[in-house]
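In my numbering, the protein residues as written are 5 to 774. What follows is a set of notes on a single structure, which appears directly below.
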C-alpha cells in the first residue's frame, strides 16, 4: 500500500493516568446488538459503512495524524468510526498535535525478514505485543500487518516486508506476530491475499499459477496463519489471479477463505486503486479503503438495480459492525500517547541481534575484542539503513548509525576514514537536495534511502595507510528497497564497481599486513555473494535492523550477543539460477505484455530450497543456514502419536564455550508417487532458550497427517500417500544431524473445491529437469 498521509484537522484528547483495555467506559454497542442495528440502517448508511472515509469527515472525532484511514461513523445509531494505520515494522503515524511542544514517536523494529531470521515464535509475539501497546497509546484500532507473501524472486521490492520463501515459516511467524498484536485488543490485518509477488505492474498484473502451486505455496502460509491466529481482518492484493482481480474473486474469498477455512473476520481492500465496487462486494470484499463517494454511489445503485443483493450487502455490513464492536474506539478507550519507547527500543535491539545471520567466520575472527581500532569502510556505515520505504516507514525518534554504535560499544574508529566518509555523505545529501539529477543516488537506490558508495580507487593509498594503523577492517555494504518498485540486477543484486574495488583491495591490503577483514551487510535481502565471499574473513548479514541498527550490530560484533539467526531464504550463486528469473520483470523492459500485464509462474511449486535442494543445484548459502559463536550437538530423536498429532522430540546441547541459541528445523521427505514432490519440506521448527556451555534442552516438534499432504490437482484434494517418510532434524535445509523413519500405513485425502483453475496454459517445471 502507498497511502497519502491524512492531515490532522482536530483531535479529541483524553487525560488518563494509565493504559488498560476496557478502562471502564461503556461500549457503544456489543455483538448481540448487530442484527438489530442492521435492521435500523438505511441503504445509504449501509453503503457508507462499507466505504472508508477521510479524517476530515465531521463525524470522525478521533483523528490520528498519519493513519491510513477510517470507517464511517453513524452517529444516530451510536456507531463510532475506527482508524487503521500501517504497521509492518511499527505503527506508522505522525502524531504532531496542536499546542503540544513535542512529537510523539513510534518504535521502528527490524524488517519482517529480520524477524523471520530469528526463527523465534516467542520473540515475534513480543514484537506484536509492543506494536499493540503503541497502537493503544495513540488510539489506533487496527494495524495493517503482517505481510506474508512468498519471496518468489529476490528482486521483489517488498520482500523485506515479508517473512520467507517458505509458506510454513511465513505462516507460523506471521501468526505469532498477529497474536501478539491482538493480545492487546488491537486488530491485525493479514496481507496481501494473494500473490503480491512483484511491484512492477502490481495494480493490474495477472498472476498465472497452477492450482497446486496456489494451494501449496501461495495460499498455504495464509491458511497456516489464519488457523493459528484468527486475524481480525484480511487484506486483499491488487493483482489478478487467473484473469480476475483477487479483491473481486469469489472462488478465492468466498469458497476458500470463508467456506474452506471458516474465516469469520473482515475482508478489506488494499488502499486506493478503485475497482468495480459491486464486483468486489459480490466477490467477498467487505470494506473499501480508504474510500470515495463514487463507491458509496455504486453500492446504492447496485442494490437498487439488483447487481448487489440485500443478503450480500447485509453480510458485509455485519462484518464491519463486528470489527467495530471489538475495537478500542467502540469501547471508549482513553489513550495517553505515552508508550514505553525505551522498553520497546530495547526489544527492537534484541530482535535485531537475534535475527542477524553469521554467514562466515573463518578461524573465529568474530567476536572482536572491545577497544580494537577499526578501519570502518563503506558509506552505509555512516548513514545506515533502518528499514525500507513506503507503508513500512515509521516516524521514529532516531536511527543509530553503525559508526555511532561501534563507538558506543567501546571501539575506536579511524578518524581519517570517519572524516572522509562524513564529508562524502554530507556532499551526497547536499547534491540530492539541490540537484537530484546530478547524483548516482537514484542509480543505486531509486528509493532514496542509500548513499552511493565512494570510489576508493581515487584514494587507494588510504587503504594501505589504514592497514598499517588499524587493528582490523570492517566493510559495510548497504542496499535499500521499498514500495512501488522492484530491485535491479546491476548495482543492486550485484555489487557496484566501487564496492567490488573496496572489498577486494581492503581485503588484500589488510591480509598482506596480517590483519583481518569483516563485511557487514545492511541490506534488504538476497545479493550475489559467490564472486566475493572468499575475500573477507567474516560476513555478518544484519538486514534492515530497525532504529537500533548500530547498537545491535555492535552487540554482535563484540560478542555481547551471540548471533543465532538462520536464513529464511536461499542465497543462489547467480540470479539466473533462480527458476523464476525467466518470469520476473526486469528494469528497462516494455511496460506491457509478459511480466507486466501477466506473469507465468512456470516454476510451479519449485520455489527456493524446494528447487535448489531437489535439483541438487549448487548454492552459496542454504535456506535455514546460520553460524554461531558456539557449537551444538543434536541428540537421538524420538517420535510418538498423541491426540491425533505426531510429536517429535530431540535434545540439543551446547558443546561450545559461550552461551547461545540453536534452532532445530524438521524437514520431512515424502514417498515419491505420480505427484512429484520436493526432496524435503520444512514442517516444524523450534528454538532453544539461551543455553550455557554444557547445558541441554529438549525441543518438541509437532505435525499432523494433513501437514504431510501434497495437492492432487486431478482430483481436487489434499493427499497424504501411504508409505515411508523420513524425518530429518537439521541446523539448515542442507545440514541434517539426525533422522527418523515414519510409516503411514493408509493414504488419507481431504477434498476441496475445484477452483482457481488457470485460464491460460502454463508450462510448469517438471523433474527430472532436462
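Note that beta-carbon positions come from the ideal geometry of N, C-alpha and C, so glycine has one too. Given the structure is predicted, the values throughout are model-derived calculations rather than measurements.
With C-beta atoms as the reference, is residue 358 less than 9 Å away from residue 665?
Here residue 358 refers to the residue found at position 354 when the chain shown is read from its first residue. Here residue 665 refers to the residue found at position 661 when the chain shown is read from its first residue. Yes, these two residues count as a Cβ contact at 9 Å.
Any idea which residues DSSP pairs residue 721 with across the strands?
Residue 721 sits at position 717 when you count from the first residue of the chain shown. Bridge partners of residue 721: 716, 755.
Which residues in the same chain have their Cβ closer than 8 Å to the Cβ of residue 295, if we skip the five residues on either side of it in sequence?
Looking up residue 295 in the chain shown gives position 291. The residues are 55, 56, 57, 58, 73, 76.
How many angstroms separate the CA atom of residue 754 from the CA atom of residue 125?
Residue numbering aside, residue 754 sits at position 750 when the chain shown is read from its first letter. Residue numbering aside, residue 125 sits at position 121 when the chain shown is read from its first letter. Cα to Cα, the separation comes out at about 28 Å.
For my contact list, residue 670 and residue 627 are in at a C-beta cut-off of 8 Å; report their separation, rounded to the angstrom.
In the chain shown, residue 670 corresponds to position 666, counting from 1. In the chain shown, residue 627 corresponds to position 623, counting from 1. The Cβ separation is near 13 Å, so there is no contact.
Proximity below 9 Å, CB of residue 584 to CB of residue 162:
Start at 1 with the first residue of the chain shown, and residue 584 comes out as number 580. Start at 1 with the first residue of the chain shown, and residue 162 comes out as number 158. Cβ atoms of residue 584 and residue 162: not closer than 9 Å.
Please classify residue 646 as buried or exposed, where buried requires at least 16 other C-beta atoms within 10 Å of its C-beta.
Working through the chain shown from its first residue, we reach residue 646 at position 642. It is exposed - the Cβ of residue 646 has fewer than 16 other Cβ atoms within 10 Å.
Per DSSP, what are the beta-bridge partners of residue 57 in this structure?
Translated into positions along the chain shown, residue 57 becomes position 53. Answer by DSSP bridge pairing, in chain order: 74.
Residue interval of the beta strand (DSSP E) (run including residue 604):
On the chain shown, residue 604 is found 600 positions in, with the first residue counted as 1. That run of the beta strand (DSSP E) goes 602-604.
If you follow the beta strand (DSSP E) that residue 732 is in, where does it begin and where does it stop?
Along the chain shown, one-based indexing puts residue 732 at 728. Looking at the DSSP string, the run of the beta strand (DSSP E) that includes residue 732 is 727-736.
Presumed contact (8 Å Cβ cut-off) between residue 655 and residue 730, rounded CB distance:
On the chain shown, position 651 is the one that residue 655 refers to. On the chain shown, position 726 is the one that residue 730 refers to. Actually they do not touch by this definition, with Cβ atoms about 20 Å apart.
Those runs of the beta strand (DSSP E) which lie wholly inside the stretch 466-491 and span at least 3 residues
476-482
Close-in-space but distant-in-sequence residues of the same chain around residue 222 (CB under 7 Å, 5 per side omitted):
By 1-based counting over the chain shown, the position of residue 222 is 218. Around residue 222: 154, 198, 199, 213.
Alpha-carbon spacing of residue 279 relative to residue 84, whole angstroms:
On the chain shown, position 275 is the one that residue 279 refers to. On the chain shown, position 80 is the one that residue 84 refers to. Computed Cα separation, rounded: 26 Å.
Run through DSSP, which three-state label would residue 497 get?
For the purposes of this step, residue 497 is identified with residue 493 of the chain shown, where counting begins at 1. Three-state DSSP puts residue 497 in a helix.
In chain order, which continuous runs of the beta strand (DSSP E) of length 3 or greater are located wholly inside the stretch 672-710?
685-691, 700-707
Straight-line CA distance for residue 277 to residue 488?
Start at 1 with the first residue of the chain shown, and residue 277 comes out as number 273. Start at 1 with the first residue of the chain shown, and residue 488 comes out as number 484. Rounded to the nearest angstrom, the two C-alpha atoms are 13 Å apart.
Using the beta-carbon count (16 or more within 10 Å), is residue 440 buried or exposed?
What you label residue 440 is simply residue 436 of the chain shown in a count that begins at 1. With a pLDDT of only 48 at residue 440, under the threshold of 50, the placement of this residue in the model should not be trusted; the figure read from the coordinates follows. Exposed, by the Cβ-count rule.
Would you say the beta carbon of residue 700 is closer than 8 Å to some non-hydrogen atom of the ligand PLP?
Ligands are entirely absent from the displayed structure, and the ligand PLP is therefore not among its contents.
Nearest-angstrom beta carbon gap, residue 768 and residue 704 [assumed within contact, 8 Å]
For this step, residue 704 is matched to residue 700 along the chain shown. For this step, residue 768 is matched to residue 764 along the chain shown. Rounded, the Cβ-Cβ distance is 37 Å, inconsistent with contact.
Can you confirm whether the stretch 110-119 touches the stretch 134-144 when touching is taken to mean that 3 or more C-beta pairs between the two stretches lie within less than 8 Å?
yes
Comparing alpha-carbon positions, which option in 614, 300, 695, 107 lies nearest residue 683?
As a position in the chain shown, residue 683 is number 679, starting the count at 1. It is 614.
Endpoints, the beta strand (DSSP E) within which residue 239 is located
For the purposes of this step, residue 239 is identified with residue 235 of the chain shown, where counting begins at 1. Unbroken beta strand (DSSP E) run through residue 239: 237-240.
Which residue's Cα is closest to the Cα of residue 634: 720, 582, 695?
Locating residue 634 in the chain shown gives position 630, where the first residue counts as 1. Cα-wise, what sits closest to residue 634 is 695.
Once DSSP output is grouped into helix, strand and coil, what is the label at residue 441?
The count along the chain shown starts at 1 and reaches residue 441 at position 437. Per-residue confidence for residue 441 stands at a pLDDT of 44, beneath the threshold of 50, marking its modelled position as unreliable; the derived number appears in the next sentence. Correct three-state label for residue 441: helix.
Is it true that the CB of residue 184 sits closer than 9 Å to the CB of residue 128?
In the chain shown, the residue the question calls residue 128 occupies position 124. In the chain shown, the residue the question calls residue 184 occupies position 180. Yes, these two residues count as a Cβ contact at 9 Å.
Rounded to whole angstroms, what is the Cα-Cα separation between residue 451 and residue 749?
Looking up residue 451 in the chain shown gives position 447. Looking up residue 749 in the chain shown gives position 745. Only weak support exists for where residue 451 lies, its pLDDT of 38 falling under 50; the coordinates are left without a value.
Cβ shell of residue 709 (< 6 Å), same chain only, five flanking positions each side left out:
For the purposes of this step, residue 709 is identified with residue 705 of the chain shown, where counting begins at 1. Counting only Cβ-Cβ distances below 6 Å, and skipping sequence neighbours, we find 724, 752.
Whole-number beta carbon distance between residue 370 and residue 561, since they are thought to touch under 8 Å
Residue numbering aside, residue 561 sits at position 557 when the chain shown is read from its first letter. Residue numbering aside, residue 370 sits at position 366 when the chain shown is read from its first letter. Indeed they touch by this definition, with Cβ atoms about 7 Å apart.
Say whether the stretch 331-345 touches the stretch 281-297, bearing in mind that this needs 3 or more beta-carbon pairs closer than 8 Å, one atom from each stretch.
no
Exposed unless 16 or more other CB atoms sit within 10 angstroms - verdict on residue 745
Residue 745 sits at position 741 when you count from the first residue of the chain shown. Its Cβ having fewer than 16 others within 10 Å, residue 745 is exposed.
Mapping the DSSP letters down to three states, classify residue 50 as helix, strand or coil.
Taking the chain shown and counting its residues from 1, one reaches residue 50 at position 46. Three-state result, residue 50: helix.
Span of the alpha helix (DSSP H) around residue 187
As a position in the chain shown, residue 187 is number 183, starting the count at 1. Here the alpha helix (DSSP H) through residue 187 covers 171-187.
Out of 533, 500, 542, 579, which one is the CA nearest neighbour of residue 515?
Residue 515 sits at position 511 when you count from the first residue of the chain shown. The shortest C-alpha separation from residue 515 is found at 542.
Taking a contact to mean a Cβ-Cβ separation below 9 Å, would you say residue 250 touches residue 192 in this structure?
Counting from 1 along the chain shown, the entry for residue 250 is found at position 246. Counting from 1 along the chain shown, the entry for residue 192 is found at position 188. Not a contact, by the Cβ cut-off of 9 Å.
Tell me which residues share the same chain as residue 553 and place their Cβ nearer than 8 Å to its Cβ, disregarding the 5 neighbours each side in the sequence.
Here residue 553 refers to the residue found at position 549 when the chain shown is read from its first residue. Cβ within range, chain order: 356, 388, 389, 390, 403, 404, 405, 406, 409, 526, 546.
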